[in-house]
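Counting in my numbering, the sequence shown runs from 5 upward without gaps. C-beta: ideal position from N, C-alpha, C; glycine also. None of these values were measured; they are calculated from a predicted model. Scroll down for the structure; my scribbles are underneath it.
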Amino acid sequence: MTYQHILYGTADGVATITLNRPEKLNALNERMLDEIRAALDAAKAEREVRAVLLTGAGRGFSAGQDLSDRAVRPDEEARDLGATLDRAYNPLMRRLRDLELPVVAAVNGVAAGAGCNLALAADIVVAARSAVFIQAFCRIGLVPDCGGTYWLPRLVGAARARALMLLGEPLSAQQAAEWGMIWRCVEDDRLMEEATMLARRLAEGPTRGLALTKRALIAASDNGLDAQLDLERDLQREAGFTEDYREGVAAFLEKRAPRFAGR
Ligand code: LHQ
5 MTYQHILYGT ADGVATITLN RPEKLNALNE RMLDEIRAAL DAAKAEREVR
55 AVLLTGAGRG FSAGQDLSDR AVRPDEEARD LGATLDRAYN PLMRRLRDLE
105 LPVVAAVNGV AAGAGCNLAL AADIVVAARS AVFIQAFCRI GLVPDCGGTY
155 WLPRLVGAAR ARALMLLGEP LSAQQAAEWG MIWRCVEDDR LMEEATMLAR
205 RLAEGPTRGL ALTKRALIAA SDNGLDAQLD LERDLQREAG FTEDYREGVA
255 AFLEKRAPRF AGR
């Protein structure tokens, strides 16, 4: 696929996807969502890629759905936003959930609406100190989507999620980190360095095991303890047969750094 609205590049085992409509604060349209999905598929297909870094060009991460897009304008003929979610957003969110690679989001500036919840769907979120998170949906009469109503209460608790979603006030990166909504808030000029280091470190890790861990954590949101114990058993069995487990134990016993292959 030729990319118009994102940049895609790989280096040191990391595929970097950069949302690239800076003049619109990387507002999302269907083409862009298709491109992100295609880039995730490309990352998955490239053998040497073992982690994904998602960020935005310019001063914003993403301002959410492009509200000037004809496909969602309320003043055009009646639009079915549910169909837009079915066609473009939900497949992307499911792709991110199912991706067997760790995903780091480097939130470089405002993350609003679907842009906010896209960032929160990453496995590890690092944000620049100047970034803000806005559940902007209520400002225009919409319902939070992209899994926000699922993830946000689990991340910050029901009381904070309710207020964020009903008031639509900006939440600073610092506060988001203090609330446990994101992993870390870093100085603006350190963001890409920190996020890239993190993504590289993950890419050099036992990525089969990390993928299984990701699966366990996602399932834990819905499972009871018994089901989760059974799942951990199954995933641990799988992890125990990986080359990386063999390498990890050998490296420990030989008192050297492990060289994980992601197998
Ligand atoms: C934009 C946008 C934008 C277009 C800034 N669209 N141009 C899913 C499925 C289907 C349908 C609907 O929705 C959804 C999910 C959603 O995401 S709904 C939520 C959509 N997003 C919003 O409501 C946020 C709208 N944007 C804002 O409130 C502000 O732009 C924020 C707070 C993000 C940033 O404010 P500022 O830093 O003051 O920047 P700005 O407002 O001046 O924006 C810069 C430019 O970007 C500006 O263009 P211009 O030509 O005037 O310079 C904006 O019009 C454009 N832009 N967001 N979502």
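Report task. Give the range of the beta strand (DSSP E) segment to which G13 is assigned. Result -> Per DSSP, G13 is one residue of the beta strand (DSSP E) stretching across I10 to A15.
Requested in this report: With DSSP collapsed to three states, give me the class of Q69.
Outcome: In the structure shown, Q69 sits in a strand (DSSP, three-state: E or B).
Query raised in the report: Counting along the chain, where does the alpha helix (DSSP H) carrying F269 start and finish?
Result: Examination of residue 269 is not possible in this model, given that the chain is present from 5 through 267 alone.
Report task. Check each candidate in E198, L44 and Q8 and name the one with the smallest Cα separation from A19. Result -> That would be L44, whose Cα lies nearest to the Cα of A19.
Query - Where G161 falls, given that 16 or more other Cβ within 10 Å makes a residue buried - result: G161 should be labelled exposed.
Query raised in the report: Between A46, E236, Q8 and M5, which lies nearest to T14 when the distance is taken from Cα to Cα?
Result: The residue with the shortest Cα to Cα distance from T14 is A46.
Query raised in the report: Roughly how many whole angstroms lie between the Cα atoms of L124 and M185?
Result: The alpha-carbon atoms of L124 and M185 are separated by roughly 8 Å.
Query raised in the report: What span of residues does the beta strand (DSSP E) with V111 cover, start to end?
Result: Unbroken beta strand (DSSP E) run through V111: V107 to V111.
Query raised in the report: Would the beta-carbon of G272 be found less than 7 Å away from any heavy atom of the ligand LHQ?
Result: Nothing can be reported for residue 272: it is not among the residues displayed for the chain, which extend from 5 to 267.
Report task. Pick out whichever of A220, R260 and A224 has its Cα sitting closest to the Cα of R241. Result -> Nearest in C-alpha terms to R241, of all of A220, R260 and A224, is A220.
Query raised in the report: What does G60 pair with, by DSSP beta-bridge criteria?
Result: For G60, which the question treats as bridged, DSSP gives the partners L23.
**Report entry** Best match in A49, P157 and I40 for proximity to G269 [C-alpha to C-alpha]
**Finding:** Nothing can be reported for residue 269, as the shown portion of the chain is limited to 5 through 267.
Query raised in the report: What whole-angstrom Cβ distance do R212 and G266 have, given they're in contact under 8 Å?
Result: Confirmed, Cβ separation roughly 6 Å.
Query raised in the report: For C150, which option in K259, R99 and L103 has the closest C-alpha, if you only look at C-alpha atoms?
Result: Residue R99 holds the alpha-carbon nearest to the alpha-carbon of C150 among K259, R99 and L103.
Report task. Can you give me the Cβ contacts of M36 inside the same chain, cut-off strictly under 6 Å, excluding the 5 residues immediately before and after it? Result -> Excluding residues up to 5 positions away in sequence, H9 lie with their Cβ nearer than 6 Å to the Cβ of M36 in the same chain.
Query raised in the report: In three-state terms, what does DSSP make of V76?
Result: V76: helix per DSSP, three-state reduction.
Query raised in the report: Residue ranges of each alpha helix (DSSP H) run of no fewer than 4 residues wholly in the stretch 193-217, ordered along the chain?
Result: If we require 4 residues or more, the alpha helix (DSSP H) runs fully inside the stretch 193-217 come out as 195-207.
Requested in this report: Answer yes or no: do A118 and D192 have a C-beta to C-beta separation smaller than 8 Å?
Outcome: In terms of Cβ geometry, A118 and D192 do not form a close pair [threshold 8 Å].
Report task. List the DSSP bridge partners of R188. Result -> V130.
Query raised in the report: Would A87 be called buried (16 or more neighbouring beta carbons within 10 Å of its own) or exposed?
Result: Its Cβ having fewer than 16 others within 10 Å, A87 is exposed.
Requested in this report: Measure the CB-CB distance between S72 and L32 and report whether it falls below 8 Å.
Outcome: Not a contact, by the Cβ cut-off of 8 Å.
**Report entry** Near the ligand LHQ: G68 beta-carbon under 7 Å from a heavy atom
**Finding:** Within 7 Å of the C-beta of G68 there is at least one heavy atom belonging to the ligand LHQ.
Query raised in the report: What are the start and end residues of the beta strand (DSSP E) that includes A116?
Result: Run containing A116: V114 to A116, per the beta strand (DSSP E) assignment.
Query raised in the report: Hey, how far is the Cα of L168 from the Cα of A180?
Result: Each residue's alpha carbon lies about 11 Å from the other.
Report task. Could you tell me whether any non-hydrogen atom of the ligand LHQ is closer than 7 Å to the CB of V111? Result -> Judged by the Cβ position, V111 fails to qualify as a neighbour of the ligand LHQ at the 7 Å threshold, every heavy atom of the ligand being at least this far.
Report task. Taking V76 as the reference, give the member of I40, E34 and V111 with the closest Cα. Result -> Here the closest residue by C-alpha is E34.
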